[in-house]
Amino acid sequence: MIWEWELTAVQKRNSFGSCQGRKIFPFHHAPDRLGNQLVPILGDPYRGPGSYDNEERSSMVYALTHKPESIKGYVLGARTSLRFPPDCKTETPGPGTHQSAWGKDRKFQPAAAPFSVKSSRFPQKALDRELFPGPGTYEADKLPHKKITWPMKFGSPDWALVPMPERRTLRTELITDKEFRKHRNRLAYLSLYYS
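Counting in my numbering, the sequence shown tops out at residue 464, every number present.
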């Protein structure tokens with residue numbers, strides 16, 4: 270009786286009528302020129318993670334059993350190795366011996382302090398008499414600074430009273446007009462001090 274999950278003889282054959290396992294590239298190569306050029310990935314089977322035990326060679330038991338000693342036996346005077354082997358000490362100096370000047374405390378000159386660091390925590394308050402001077406502490410008769418004032422009419426200069434050069438039909442400014450204006454302003458300024 271044939272069950273549904275059992276394979277027939279035809280179904281058991283692999284593809285292309287072969288019953289052998291198929292050799293795929295990364296591990297096998299074809300026996301032709303292309304296969305010779307594309308060498309498969311081969312490696313040392315004893316290399317890689319999980320293929321060796323590091324503890325076997327790094328343990329203390331391995332170090333004691335593989336210690337080189339005399340092969341003459343243990344009779345009197347037969348052993349040629351040291352009776353008390355020296356302790357394994359490194360010959361290099363410790364980390365504190367190199368560049369000892371670096372470990373010393375260094376003294377630094379105080380540099381310029383950043384902004385507002387050296388200011389006092391509680392600044393001195395200005396007194397009211399300094400902020401609001403009382404009567405008699407300043408001169409009320411002191412005249413303000415002198416400035417040139419032109420004849421005014423309703424908030425703007427009255428140009429009819431200000432000396433101006435003669436009007437011309439040509440509206441371009443000539444060098445003589447510019448010199449006249451500079452001379453007029455200079456006279457107005459000097460009249461503040463020399464009248």
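Yeah, the Cβ is synthetic: ideal placement off N, Cα and C, and Gly gets one too.
- In the same chain as Met421, and ignoring 5 residues on each side of it, the C-beta atoms closer than 8 Å to its own belong to Asp427, in chain order.
- For Lys422, DSSP records a beta bridge to Ser425.
- The DSSP-derived three-state label of Glu408 is coil.
- Secondary structure of Ser369 (DSSP, three-state): helix.
- Annotation: Ala457 to Ala395 spans about 44 Å, alpha carbon to alpha carbon.
- For the alpha helix (DSSP H) assignment, the uninterrupted runs of no fewer than 4 residues enclosed by the segment 372 to 403 are, from N- to C-terminal side, 397 to 400.
- Inclusion of Lys415 and Leu461 in the CB contact set at 8 Å is warranted, their separation being smaller than that value.
- Residue state for His335 is assigned as coil, using DSSP reduced to three classes.
- Cβ neighbours of Pro404 within its own chain (closer than 8 Å, five residues either side excluded): none.
- When only Cα atoms are considered, Ser389 and Lys411 end up about 38 Å apart.
- Residue range Ile444 to Tyr462 is occupied by the alpha helix (DSSP H) that includes His452.
- Inter-residue distance for Cys357 and Ser369 is about 26 Å (C-alpha atoms, whole angstroms).
- Secondary structure note for Arg326: its alpha helix (DSSP H) is the uninterrupted segment Asn323 to Ser327.
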